[in-house]
Amino acid sequence: AGVITAVLSITSVNLHAAGGEYQFKADPTKVLGAENCKECHAPIFAAWEKTHHYLSFSAGTGEKPAMHRTDEAKEILKKMGMRSAKRDLCVQCHYTGQGTESRVKTISGTSCESCHGGGADWNKVHSNKEDSMALIKSEALGMIRPHNTYAVAANCFTCHTVPAEDLVNKGGHTAGSDFELVSWSQGEVRHNLQKTEGKQNTEASGEHKRVLYVVGRILDLEHSIRALAKATGPGTYATRMTERINRVLGELKKIESAGVAVGAVVSAVDAGQLKPGNAATLNGIADKIAKTGQAFASGNDGAKLAGVDGLIPGSDKYKGKPYQP
Numbered sequence: 007a008g009v010i011t012a013v014l015s016i017t018s019v020n021l022h023a024a025g026g027e028y029q030f031k032a033d034p035t036k037v038l039g040a041e042n043c044k045e046c047h048a049p050i051f052a053a054w055e056k057t058h059h060y061l062s063f064s065a066g067t068g069e070k071p072a073m074h075r076t077d078e079a080k081e082i083l084k085k086m087g088m089r090s091a092k093r094d095l096c097v098q099c100h101y102t103g104q105g106t107e108s109r110v111k112t113i114s115g116t117s118c119e120s121c122h123g124g125g126a127d128w129n130k131v132h133s134n135k136e137d138s139m140a141l142i143k144s145e146a147l148g149m150i151r152p153h154n155t156y157a158v159a160a161n162c163f164t165c166h167t168v169p170a171e172d173l174v175n176k177g178g179h180t181a182g183s184d185f186e187l188v189s190w191s192q193g194e195v196r197h198n199l200q201k202t203e204g205k206q207n208t209e210a211s212g213e214h215k216r217v218l219y220v221v222g223r224i225l226d227l228e229h230s231i232r233a234l235a236k237a238t239g240p241g242t243y244a245t246r247m248t249e250r251i252n253r254v255l256g257e258l259k260k261i262e263s264a265g266v267a268v269g270a271v272v273s274a275v276d277a278g279q280l281k282p283g284n285a286a287t288l289n290g291i292a293d294k295i296a297k298t299g300q301a302f303a304s305g306n307d308g309a310k311l312a313g314v315d316g317l318i319p320g321s322d323k324y325k326g327k328p329y330q331p
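Given below as structure tokens:
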């Protein structure tokens, strides 16, 4: 019971971290670095090296320049009055930071620990193949495991909504990407190699893609509302986040019409509250959506969600080609 309680507590922290100040996806004081994962997960490490997540920091000759060397990044930095993209705000999404509370060093692009949590507390436990309870114990110590779809995918939306008002209004950064969970998770970032012992990078099953699609829309709504909660006044940032919320609401209504019960998520949003300077109320709405979304993710295996099949993007919409050994 103690382990289960700990897991639920950690999951709650991961889900609601975005409600506070914009922060690192993984605690830099607990980050070990992707090399610590390579020994046991070499094929997954190889897949990661082919992604934009990796190349944002380590782009080589002939590749698109590393993110911090692009003209766009330099222009944004100039407008923001910042010296380096490998420091300050940019590290929180484009890179993996490691260090102390007062000094963080950029060590790689978005990496394993960006999604699964800093490994200092759980890595050795997770690596103990002799312990049949290793994965459960690791989760209790802070590891975000793939089976926890909502918590893992939440890390995607903490960045892809770009919840930073000044970065958009002052720096000119794009106000969020067109992130959609199925098309992005099944493309170049796919690393589903564990069950085949590294022999094949398999696509998610049809049932799981149904869950990913619905959960992705719920997460998009939650984090778009959290992003709007950070708006202090009118401007491009507040306008784009409001537009994003309304777009996702429309997509969730299509899901509801397809026979999948997400009405509670839609009804949680009061259009009159979608305005800048309303952080407490908006984060409260997002918290309700998060709880509903987590319950949906853990309570559905996709078998009864066939109604959304016509809404799910096909393989032609996947972002990049997945690595194959």
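Heads up: the sequence shown is residues 7 to 331, going by the working numbering.
All C-beta atoms in this analysis are idealised placements derived from N, C-alpha and C, irrespective of residue type, glycine included.
In this text, all values refer to a predicted model and were calculated from it rather than measured experimentally.
Check: What is the DSSP secondary structure of G313, reduced to helix, strand or coil?; Outcome: helix
Check: Starting from the Cα of E249, find the closest Cα among Q104, A91, L280 and give me that residue.; Outcome: L280
Check: Just the Cα atoms here: how many angstroms apart are L199 and F51?; Outcome: 10 Å
Check: Who are V110's beta bridge partners in DSSP?; Outcome: G105
Check: How big is the Cα-Cα spacing for E194 and N207?; Outcome: 10 Å
Check: Please classify T238: does DSSP put it in a helix, a strand, or coil?; Outcome: coil
Check: Closest by CA to A40, which one among F302, A126, G212?; Outcome: A126
Check: Going by DSSP, name the residue or residues bridged to G212.; Outcome: For G212, which the question treats as bridged, DSSP gives no partner whatsoever.
Check: Just reading off the alpha helix (DSSP H) that V188 is part of, what are its end residues?; Outcome: 187 to 191
Check: Looking at C-beta atoms only, is the number of pairs between the segment 139 to 146 and the segment 89 to 98 that lie closer than 8 Å three or more?; Outcome: no
Check: What three-state label does DSSP hand P331 in the structure shown?; Outcome: coil
Check: Answer yes or no: do A309 and T155 have a C-beta to C-beta separation smaller than 7 Å?; Outcome: no
Check: Buried or exposed for E78, going by 16 or more other Cβ atoms inside 10 Å?; Outcome: exposed
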